[in-house]
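Colleague: Before we start, here is the structure in question, set down as structure tokens.
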Amino acid sequence: MLERLETIEAEGTAAVNGAGSAAELENLRVKFLGRKAELTGILRGIADLEPAERGPVGGAANKVRKGLEALVESRIESLAGAELEASLASDRIDVTLPGSPVRAVGHLHPITRTRRLIEDVMIGLGYQVMEGPEVEHDFYNFTALNHPADHPARMLQDTFYIESGAGAPEEAGPRDVLLRTHTSPMQVRAMETTPPPLFMIVPGKTYRRDSDATHSPMFHQVEGLAVAEGITLADLKGTLLAMLREIFGPDREIRMRPHFFPFTEPSVEFDVSCFKCRGSGKVEGEDRCNLCKGIGWIELGGAGMVDPNVFGFVREAGYDPDLVTGFAFGFGIERIAMLRHGVGDLRLFFDNDVRLLEQFS
Ligand code: FA5
Numbered sequence: 001m002l003e004r005l006e007t008i009e010a011e012g013t014a015a016v017n018g019a020g021s022a023a024e025l026e027n028l029r030v031k032f033l034g035r036k037a038e039l040t041g042i043l044r045g046i047a048d049l050e051p052a053e054r055g056p057v058g059g060a061a062n063k064v065r066k067g068l069e070a071l072v073e074s075r076i077e078s079l080a081g082a083e084l085e086a087s088l089a090s091d092r093i094d095v096t097l098p099g100s101p102v103r104a105v106g107h108l109h110p111i112t113r114t115r116r117l118i119e120d121v122m123i124g125l126g127y128q129v130m131e132g133p134e135v136e137h138d139f140y141n142f143t144a145l146n147h148p149a150d151h152p153a154r155m156l157q158d159t160f161y162i163e164s165g166a167g168a169p170e171e172a173g174p175r176d177v178l179l180r181t182h183t184s185p186m187q188v189r190a191m192e193t194t195p196p197p198l199f200m201i202v203p204g205k206t207y208r209r210d211s212d213a214t215h216s217p218m219f220h221q222v223e224g225l226a227v228a229e230g231i232t233l234a235d236l237k238g239t240l241l242a243m244l245r246e247i248f249g250p251d252r253e254i255r256m257r258p259h260f261f262p263f264t265e266p267s268v269e270f271d272v273s274c275f276k277c278r279g280s281g282k283v284e285g286e287d288r289c290n291l292c293k294g295i296g297w298i299e300l301g302g303a304g305m306v307d308p309n310v311f312g313f314v315r316e317a318g319y320d321p322d323l324v325t326g327f328a329f330g331f332g333i334e335r336i337a338m339l340r341h342g343v344g345d346l347r348l349f350f351d352n353d354v355r356l357l358e359q360f361s
């Protein structure tokens, strides 16, 4: 029996030392040390041996088992280390190498480029660029903009309301938090934190339940706000003219038409003269200019003089309606991008089809 144990030890040691992979070692462990292995059988049968044999055979069998176990463990460790080294060496990739085939460097999305153009123009006119939250309180989106609860003008914007939940203020009710429907809530937020004179624009995402070729549920607006002593409607017109000439060309004209917004008084909509037909409404070879539909003007956005009621919400911050006046305007960035690039359907900007986007590089 002792001789047999020596043979098992010799065979096991040679096999384990000769194994070339962790998987092979696992098979050898089962073969020499598993439940059905000869050595395990010997250990199990010790009780049946003559009493005089039990001690020496038991001791030798345990020694062989422990020795083989330790050898298998150490071989597994060294083989696993070597296998890892080998796979690291063979899998090595240089992430700094150019792809194959080499891809062209990308460029900014046309909406981002249009936003940056507008920002550059307005910074040039002395405005600062501010940002505000897209998830907004009803107070800033409506109430402080002179839309009291149940004011019919709230119905003009198909609003996404957010269920109040964890993290919402204690008093927040089901319709107190929403995705902002315009960038105008930043008028009040900016005045709360910055004393007059204030000249700022707010570009950003806005949300409404709209969907057609010129309206999407998520779109971008730019808000403008100028408040100081003695600001008039003429300043609004001059500012819009300067901004739109930078964007659409030095020959453009603008016009303002009476309109209604609850937070401006008087309120206007503003248009820019059509840059395709140069305001004539006529293009050679066409019945009428198809860009402005023969009108000669292209509608861009809303504006007006800040309503004194809005200043009433920020009087404490230094906006006394008897001392300061201001104008505000807001328009859609997609609309400007569509006009600048001749894109007929705003949804194309969000499909992210590279065949379209590559045309704006
Ligand atoms: C407003 O949102 C006012 N806050 C603008 C304003 C600001 C008035 C400051 C007075 C003072 P209006 O709902 O008209 O106004 O939207 C302004 C522009 O946003 C529109 O002319 C249009 O270009 C764009 N717009 C509105 N809804 C969408 C939409 N769903 N998708 C794309 N653009 C949109």
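Numbering (our numbering), first residue to last: 1 to 361. Every residue, glycine too, gets a C-beta built ideally from N, C-alpha and C.
Beta carbon of L348, beta carbon of L339: below 8 angstroms?
Modeller: Going by C-beta atoms, L348 is not nearer than 8 angstroms to L339.
Colleague: At 3 residues or longer, and completely inside the segment 202-289: list those beta strand (DSSP E) runs for me, N to C.
Modeller: DSSP runs (the beta strand (DSSP E)) wholly in the segment 202-289: 218-228, 254-261, 264-273.
Colleague: What are the start and end residues of each continuous beta strand (DSSP E) run of 3 or more residues lying completely inside the segment 294-343, in chain order?
Modeller: Taking only runs of at least 3 residues, the beta strand (DSSP E) segments lying wholly in the segment 294-343 are 297-306, 325-332.
Colleague: Check the C-beta distance from E136 over to L198 and give it rounded, since I have them as a contact under 8 angstroms.
Modeller: Their Cβ separation, rounded to whole angstroms, is 20 angstroms, which puts E136 and L198 out of contact at 8 angstroms.
Colleague: Could you check if A14 is buried or exposed, using at least 16 other CB atoms within 10 Å of its CB as the buried criterion?
Modeller: Exposed, by the Cβ-count rule.
Colleague: Out of V324, A86, C289, which one is the CA nearest neighbour of G312?
Modeller: Here the closest residue by C-alpha is V324.
Colleague: Mind checking whether F275 and F248 have CB atoms under 8 angstroms apart?
Modeller: Closer than 8 angstroms, so yes.
Colleague: Using only alpha-carbon positions, find the residue among K237, R113, A82, A153 that is nearest to E253.
Modeller: Among K237, R113, A82, A153, the Cα nearest to that of E253 is on K237.
Colleague: Taking the straight line between their C-alpha atoms, what separation do you get for Y207 and H341?
Modeller: Each residue's alpha carbon lies about 23 angstroms from the other.
Colleague: Should H220 go down as buried or exposed, given a rule of 16 or more other Cβ atoms within 10 Å for buried?
Modeller: That one is buried.
Colleague: Near G294, what residues of its chain come up, given a Cβ to Cβ distance below 6 angstroms and the 5 sequence neighbours on each side ignored?
Modeller: The answer, listed in chain order, is G281, R288.
Colleague: Which whole-angstrom value describes the C-beta separation of I46 and R54, a residue pair presumed to lie in contact below a C-beta threshold of 8 angstroms?
Modeller: Right, their Cβ atoms sit about 6 angstroms apart.
Colleague: Can the beta-carbon of A61 be found less than 8 angstroms from the beta-carbon of L43?
Modeller: Yes, these two residues count as a Cβ contact at 8 angstroms.
Colleague: Kindly indicate which residue of A23, F360, R154 has the alpha-carbon position closest to the one of F419.
Modeller: This structure leaves residue 419 out entirely; the chain is present only between 1 and 361.
Colleague: Can the beta-carbon of V222 be found less than 8 angstroms from the beta-carbon of G304?
Modeller: Not closer than 8 angstroms, so no.
Colleague: Does R75 pass the burial test, meaning 16 or more other C-beta atoms within 10 Å, or should it be called exposed?
Modeller: Under this definition R75 is a buried residue.
Colleague: Between V72 and R103, is the Cβ-Cβ spacing less than 8 angstroms?
Modeller: Contact flag unset, no.
Colleague: To the nearest whole angstrom, what separates the beta carbons of L39 and V64, a pair I think is in contact under 8 angstroms?
Modeller: At roughly 6 angstroms, the Cβ-Cβ gap stays under 8 angstroms, so L39 and V64 are in contact.
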